[in-house]
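Enquirer: Here it is: the structure, laid out below.
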Amino acid sequence: MPDFATYLAFLAAVLAYQLSGPGPDMLLVMSRGVGQGRRAALSTALGCVAAGVIQIPLLALGLASLVASSPVAYEVLRWAGAAYLICLGVGLLLPRRNAAHVESVVDPTPGVAWGSAFRQGMVCNLTNPTVLTFMLAILPQFVDPSSGPAGLQLLVLGATMKGTGLLTLGSVALASGAVGGWLSRHSRLLGWQ
114 MPDFATYLAF
124 LAAVLAYQLS
134 GPGPDMLLVM
144 SRGVGQGRRA
154 ALSTALGCVA
164 AGVIQIPLLA
174 LGLASLVASS
184 PVAYEVLRWA
194 GAAYLICLGV
204 GLLLPRRNAA
214 HVESVVDPTP
224 GVAWGSAFRQ
234 GMVCNLTNPT
244 VLTFMLAILP
254 QFVDPSSGPA
264 GLQLLVLGAT
274 MKGTGLLTLG
284 SVALASGAVG
294 GWLSRHSRLL
304 GWQ
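Given below as structure tokens:
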């Protein structure tokens, strides 16, 4: 495993990346929190983090380098992610057939399908090529072949990255859920729309 100083440098790089600005994952978690409450946002955040179960083995097997080295593969993944986010956005804008979901956007609905939120978070993260590219660019830099099996080190570093992602997105989920709750209690302030 990397020494403690190297591990701290890795943590700093990962946190700088995760806090550098809202990406698709963070925006999806925020919209879930404001529109559907903390539970939906936390479920979405868990889905984003669970994508690591697929990404980390891809990285260890070297398949992530295919996406990073092939402009066509990168663009296909990028456009698939964009199309998925557009579909999610359109789905939020279209009227629902089920009357139980016609409530205000800021009124947290108790009937949110947590599995659906989890899946959407996972697909959002998996179709974001910058996540895979970042993992490919950063994780191998902190692997020391003299310190043990490279695959195990990648697993530990990848799990660390996803763990910090859970803390980051979890915090965003809780904060946006609180904002959504406040907006639902003060909905009269939204009358100016």
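Mapping of the sequence shown onto my numbering: residues 114 to 306, in sequence order.
Just so it is clear, CB atoms sit at the ideal spot from N, CA and C, and this is done for glycine as well.
Bear in mind the structure is a predicted one, so any value in this text is a computation, not a measurement.
From the DSSP output, in three-state form, read off proline 262 for me.
Expert: Taking the sequence shown and counting its residues from 1, one reaches residue 262 at position 149. Reduced to three states, the DSSP call for proline 262 is coil.
Enquirer: Determine the closest residue to glycine 194 out of Gly160, Pro242, Ser284, Pro135, with distance taken between C-alpha atoms.
Expert: Here residue 194 is taken as the residue at index 81 of the sequence shown, counted from 1. Taking only the C-alpha atoms, the option nearest glycine 194 is Pro242.
Enquirer: Within its chain, find whatever has a CB closer than 8 angstroms to the CB of valine 292; leave out the 5 residues flanking it on each side and keep chain order.
Expert: If you number the sequence shown from 1, residue 292 lands on position 179. Around valine 292: Gly146, Val147.
Enquirer: Between the Cα of leucine 268 and the Cα atoms of Tyr130, Met248, Asn238, Thr281, which residue gives the shortest distance?
Expert: By 1-based counting over the sequence shown, the position of residue 268 is 155. Checked all of Tyr130, Met248, Asn238, Thr281; the closest Cα to leucine 268 is Met248.
Enquirer: When you compare only the Cα positions, how much space is there between methionine 143 and leucine 207?
Expert: Here residue 143 corresponds to residue number 30 of the sequence shown, with the count starting at 1. Here residue 207 corresponds to residue number 94 of the sequence shown, with the count starting at 1. Looking at the backbone, the Cα of methionine 143 and that of leucine 207 are separated by about 20 angstroms.
Enquirer: Would you mind giving the Cβ-Cβ distance between leucine 252 and glycine 271, rounded to the nearest angstrom? I have them listed as a contact below 8 angstroms.
Expert: In the sequence shown, residue 252 corresponds to position 139, counting from 1. In the sequence shown, residue 271 corresponds to position 158, counting from 1. Rounded, the Cβ-Cβ distance is 6 angstroms, consistent with contact.
Enquirer: Between which two residues does the alpha helix (DSSP H) harbouring glutamine 149 extend?
Expert: Locating residue 149 in the sequence shown gives position 36, where the first residue counts as 1. Note, glutamine 149: alpha helix (DSSP H), 137-149.
Enquirer: Going straight from the alpha carbon of valine 203 to that of proline 184, what length do you get?
Expert: Residue numbering aside, residue 203 sits at position 90 when the sequence shown is read from its first letter. Residue numbering aside, residue 184 sits at position 71 when the sequence shown is read from its first letter. Taking the straight line from one Cα to the other gives about 28 angstroms.
Enquirer: Leaving out five residues before and five after leucine 132 in sequence, what residues of the same chain have Cβ atoms less than 8 angstroms from its Cβ?
Expert: Your numbering for residue 132 matches position 19 in the sequence shown. The residues are Thr281.
Enquirer: Please state the DSSP three-state secondary structure of asparagine 238.
Expert: On the sequence shown, position 125 is the one that residue 238 refers to. If DSSP states are grouped into helix, strand and coil, asparagine 238 belongs with the helices.
Enquirer: Would you mind giving the Cβ-Cβ distance between glutamine 233 and glycine 160, rounded to the nearest angstrom? I have them listed as a contact below 8 angstroms.
Expert: Position 120 of the sequence shown holds residue 233. Position 47 of the sequence shown holds residue 160. Rounded, the Cβ-Cβ distance is 6 angstroms, consistent with contact.
Enquirer: State the Cα-Cα distance for the pair serine 297 and alanine 153, rounded to the nearest angstrom.
Expert: Residue numbering aside, residue 297 sits at position 184 when the sequence shown is read from its first letter. Residue numbering aside, residue 153 sits at position 40 when the sequence shown is read from its first letter. If you draw a straight line from the Cα of serine 297 to the Cα of alanine 153, it comes to about 15 angstroms.
Enquirer: Within its chain, find whatever has a CB closer than 8 angstroms to the CB of asparagine 211; leave out the 5 residues flanking it on each side and keep chain order.
Expert: To locate residue 211, count along the sequence shown from 1; it is residue 98. With a pLDDT of 47 at asparagine 211, under the threshold of 50, the predicted position of this residue should be treated as unreliable, though the coordinate-derived value follows. Nothing listed; no residue qualifies.
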